[in-house]
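Written out below as structure tokens is the structure these notes cover.
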Amino acid sequence: MSNQTEQAEIVRRSLKGRYRKERRFRAYGILAIALALAALVVLFADIIGKGHTGFLKTTITLDVEMDSEAMYLEDPTNSDEVRMADFVEPLIVSLAEMLPDATVDDRDQLRGLVNAYSSNQLRDELVASPQWMGTTQTITFLANSDVDVYVKHKDDDAYSIKLSEQQREWVDELEQRGIIETRFNDVFFTSGDSRDPARAGVLGAIVGSLLVMFVTLALSFPIGVAAAIYLEEFAPKNKFTDFIEVNINNLAAVPSIIFGLLGLAVFINLFGMPRSAPFVGGLVLTLMTLPTIIISSRAAIKSVPPSIRQAAEGVGASKMQVVLHHVLPLAMPGMLTGSIIGMAQALGETAPLLLIGMVAFVVEIPDGFFDGATALPVQVFLWAGSPESGFIERASAAIMVLLAFLMSMNALAIWLRKRLERRW
Amino acid sequence: MQPANLFFLTLALIGVAYALGYFRSRALAAPMGGIRHLKSLPGYYGVRAAMWCGIPALIVLALWVSFEGQVIQLLVLGSLGPEMVPKSVGEASLMMSRISNIASGALSSDSVEQPLTNAAALLTNLRDNSGNYMTLLVLSIAGLAGFVGWYRIQPRLNAREQVEKTLRWIMFACAGVAILTTIGIVFSVIFETIRFFGMVSFVDFFFGTSWSPQVALRADQVGSDGAFGMIPLFTGTLLISAIALVVAVPVGLLSAIYLSEYANTRVRGLVKPAMEMLAGVPTVVYGFFAALTVAPFIADFADSLGVGASSQSALAAGLVMGIMIIPFVSSLSDDVINAVPQTLRDGSLALGATQSETMKKVIFPAALPGIMGGILLAASRAIGETMIVVMAAGLAANLTANPLESVTTVTVQIATLLVGDQEFDSPKTLAAFALGAMLFIVTLLLNVLALKIVRKYREQYE
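Protein sequence lines correspond, in order, to chains A and B. Here the first sequence stands for residues 11 to 434, numbered as in the numbering used here. Here the second sequence stands for residues 1231 to 1692, numbered as in the numbering used here.
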């Protein structure tokens, strides 16, 4: 009897410590989750903090006097004259007029305020409307990318700004007078890559990614679904089928860069396909996503209850009819969800595309499956490695575009699952 | 015609063949008194005709696109005459690029030998006409085979059986793609690896402690004789992966335990998708984060402590890689912990153990093999991860265990050696394939081992 009370006493005395341990263990769990979520929040906050300015462009609006003497140009419709004409001088004159302490002799400093492409823009606009000759027009130009960085990140030490003291004063003044302003960056969404951050855009990369995704989807979905049906419904139970299964499971875990090696050695070297082509990128990503699609499609087929099959067989359907008419439609939502998730993975994939040459500097928007192209994540990689500070915000902005695509794909997958999923 | 356009045109032809087959079977059945005198439903005759039309044509199209470049090169180089035919692969590609430069006008045709100009003309001709030949061939095959398929439709023909048999074969072929992929991977690395070991000895590669793959272009060049010792790459990879696992395993495991044992459904429903978002972020985004935010922060922080840190420290890459594999570890451990039978839990709790004691002394030991399997899978992922290390780890192959220094990894070297133009007869390019082979073998072994452990563990409780 006394033995029992003694034991109960020991247990009671230990209880406090044990409960403390319990609370500590629980706190560790919460701490772990908090750490993981904090990492997520910091990651997103960092990207958005760096990237939101990428959606703004800095413009400079000038009153340009089209003086034929200063421009050495009489007739803007004469292409020979246009080629020889000076389109930089009117910009400098206009800037010098606006800044009281600047003269035309500060030519190089003034010229550093407007984008290097501005003279071409002026030429094109003047050729398009030759009646402007001899008049003064108000035209909005892109600012130089250094001015762009300065206007957006004046107070941030992390950005190196390549403007002289004099130029900074001018920019401050012009900004106050509303001549330099920031507005929505349409250039970013309507142009391809450029060496100049102010004129670089993601459209080329988006189109490249879409072309790659099209090839990937067109190949991996039918092949993956067909393979899943075969393995789940028709394959005889033998060594060979087992071998295929083991193969698929292992392929799902092979590092993506190995698929890049495969693409380089087989598609480019053996088959002689062009480098940098979205078609080859699509082939490589197809091989990479196939295991994901096969595995999720098999799970979807497995979840269709046997009673459906038995009922169809009972009314005389052949095995193929059972599968195509009854099992496949019921498994389709699960297959689609799995495929969308696989496609989202493929869209974010970079490493294999590096090896098949989709890292080239491509200015034009690709317009075919065999054109040179980059993809969105590769564009992020390229810009992140560029020395100009203007590219950092462009890279972050491109990441935001990429994440927007990925999130809408995942939302679509979740919506499909909610909407079409059936519980048996 | 562009291959893509031709593909869509063939698809349209397949549709036409289906319709023609469908209507022909109906027309044949009409005088006999309706489609119940057909052996199969009209749709099957349509599909049969479509298969006749489409399958051979699409196979030819795929083969043409795959081998077009090769065949053109063979024809052009073959036209050079026996004394000029290049002897090695490198020579052939050099010759080919010369010819295509002449053809595009980048190289003036006056300054080169006559056979080369002729070859250039042939190349231009072949390139211009190849698309036409392909279009002609594919469309005539589609038309002819489609006609045969259409013509042979008879009421007594069992179209359904034929269609189903063909479908089965197509499905089998699709399942075979997985095997072809594996074979492709093995063969694409094995040949180049063998050639690499023809130039560099096994001992130098596996036990050498210095890695500098620049090879002298000229015999008298200074300071770049090429060293291919993989030890520094190997230790660099291990260092970064170890840092990643030190971050990911405790965080992932503890959050999985909390989520599966303590959290109520509402918290679970909120936290789990948020954790999965970490898994959905592309690796290039993590690389950007590591290179532009974490690495400078660590360098500044180490400076303020008075310890020097490289701006591309192994710590930055490892930390961020750890964040990346947290969801991986946590979802795998979650599965494993949930697979432990409830009776074990109930038994322990009934004896008066607290929840944490149950977890630590009963469930964790029971789940340990499964968790080990999960950690091995996570390790294999960390070893094979490329973008984070390409962007945040360095290129210098330092043999060090200091996480504040810059190290390089196997994947970084593969990526840097193969980006841009390569010659396939220099050990520098071939080294990338040898490294790829090592990477493939190591990750494969880890995966096989992990899957085996996980499977064995599952069977134990089923």
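We put the beta carbon where it would ideally sit given N, CA and C, even for glycine.
Where residue i falls: helix, strand or coil (DSSP)
i               : result
K26 (chain A)   : helix
V314 (chain A)  : coil
R285 (chain A)  : coil
T302 (chain A)  : helix
S1656 (chain B) : coil
A327 (chain A)  : coil
Q1384 (chain B) : coil
A1457 (chain B) : strand
A1336 (chain B) : coil
V1511 (chain B) : coil
I149 (chain A)  : strand
V1640 (chain B) : helix
V1368 (chain B) : helix
V1342 (chain B) : coil
V124 (chain A)  : strand
P187 (chain A)  : At residue 187 (chain A) the sequence reads Arg, which differs from the Pro that was named. In this structure, R187 (chain A) counts as coil in the three-state DSSP scheme.
S89 (chain A)   : helix
E471 (chain A)  : It is not possible to answer for residue 471 (chain A), since the shown part of chain A is limited to 11 through 434.
I1553 (chain B) : helix
K1269 (chain B) : coil
K1682 (chain B) : helix
P1286 (chain B) : helix
G59 (chain A)   : helix
V1315 (chain B) : coil
N1518 (chain B) : Per the sequence shown, the amino acid found at residue 1518 (chain B) is Phe instead of Asn. Helix.
Anticipated Cβ contact below 8 Å, residue i with residue j, distance rounded
i               : j               : result
P339 (chain A)  : V1514 (chain B) : No, P339 (chain A) and V1514 (chain B) are not in contact; Cβ-Cβ is about 37 Å, not under 8 Å.
A1280 (chain B) : I1383 (chain B) : Not really, about 12 Å apart at Cβ, beyond 8 Å.
L1606 (chain B) : L1679 (chain B) : 6 Å
G1624 (chain B) : I1644 (chain B) : Wrong, their Cβ atoms sit about 15 Å apart, outside the cutoff.
G400 (chain A)  : D158 (chain A)  : 6 Å
V1640 (chain B) : T1467 (chain B) : 5 Å
P100 (chain A)  : A126 (chain A)  : Their Cβ separation, rounded to whole angstroms, is 15 Å, which puts P100 (chain A) and A126 (chain A) out of contact at 8 Å.
Endpoints, the beta strand (DSSP E) within which residue i is located
i               : result
R193 (chain A)  : 190–194
K67 (chain A)   : 66–75
I1400 (chain B) : It is not in any beta strand (DSSP E) - I1400 (chain B) instead sits in the alpha helix (DSSP H) that spans 1389–1429.
Delimiting residues of the alpha helix (DSSP H) encompassing residue i
i               : result
D206 (chain A)  : Looking at the DSSP string, D206 (chain A) is not in any alpha helix (DSSP H), and its letter there is neither H nor E.
S128 (chain A)  : 128–138
V160 (chain A)  : In the sequence as presented, Val is not what sits at residue 160 (chain A); that position holds Tyr. 155–163 is the extent of the alpha helix (DSSP H) around Y160 (chain A).
E99 (chain A)   : 99–108
A414 (chain A)  : 400–430
Y1252 (chain B) : 1233–1259
V1488 (chain B) : Residue identity differs from the one stated: residue 1488 (chain B) is Tyr in this sequence, not Val. Counting along the chain, Y1488 (chain B) falls outside any alpha helix (DSSP H), and DSSP gives it neither H nor E.
Q355 (chain A)  : 338–358
W393 (chain A)  : 386–394
N279 (chain A)  : N279 (chain A) -> no alpha helix (DSSP H), and no H or E assigned at all.
T1573 (chain B) : 1572–1580
G1603 (chain B) : 1594–1614
One or two residues paired with residue i in a DSSP bridge
i               : result
Q119 (chain A)  : Paired residues: none, contrary to the question.
F54 (chain A)   : Bridge partners of F54 (chain A): none, in fact.
A1645 (chain B) : Per DSSP, none; premise fails for A1645 (chain B).
W1441 (chain B) : B:F1458
Chain-ordered neighbours of residue i on chain E, where CB pairs are closer than 9 Å
i              : result
P288 (chain A) : Here the protein chains are A and B, and chain E is not one of them.
| query | Do the stretch 1528–1543 of chain B and the stretch 1458–1467 of chain B make contact, defined as three or more Cβ pairs closer than 8 Å? | reply | no
| request: Examine the Cβ distances between the stretch 42–51 of chain A and the stretch 106–120 of chain A and report whether three or more of them are shorter than 8 Å. | output: Using a Cβ-Cβ distance cut-off of 8 Å, the stretch 42–51 of chain A and the stretch 106–120 of chain A are not in contact, since fewer than three pairs of beta carbons, one from each stretch, lie closer than that value.
| task | Decide if the stretch 267–285 of chain A is in contact with the stretch 1425–1432 of chain B; the criterion is three or more beta carbon pairs, one per stretch, under 8 Å apart. | result | no
| Cβ contact check for the stretch 252–267 of chain A and the stretch 421–430 of chain A: 3 or more pairs under 8 Å | Short answer: they don't touch.
| message | Can you confirm whether the stretch 214–232 of chain A touches the stretch 1373–1387 of chain B when touching is taken to mean that 3 or more C-beta pairs between the two stretches lie within less than 8 Å? | response | no
| query | Are there three or more Cβ pairs, one per stretch, closer than 8 Å when the stretch 1517–1530 of chain B is compared with the stretch 1546–1553 of chain B? | reply | yes
| Touch check for the stretch 1554–1573 of chain B and the stretch 1502–1513 of chain B: three-plus C-beta pairs under 8 Å? | yes
| request: Assess, as a yes-or-no matter, whether the stretch 299–314 of chain A is touched by the stretch 282–291 of chain A under the definition of 3 or more beta carbon pairs within less than 8 Å. | output: no
| On the three-pair Cβ rule with 8 Å, is the stretch 401–416 of chain A touching the stretch 241–256 of chain A? | no
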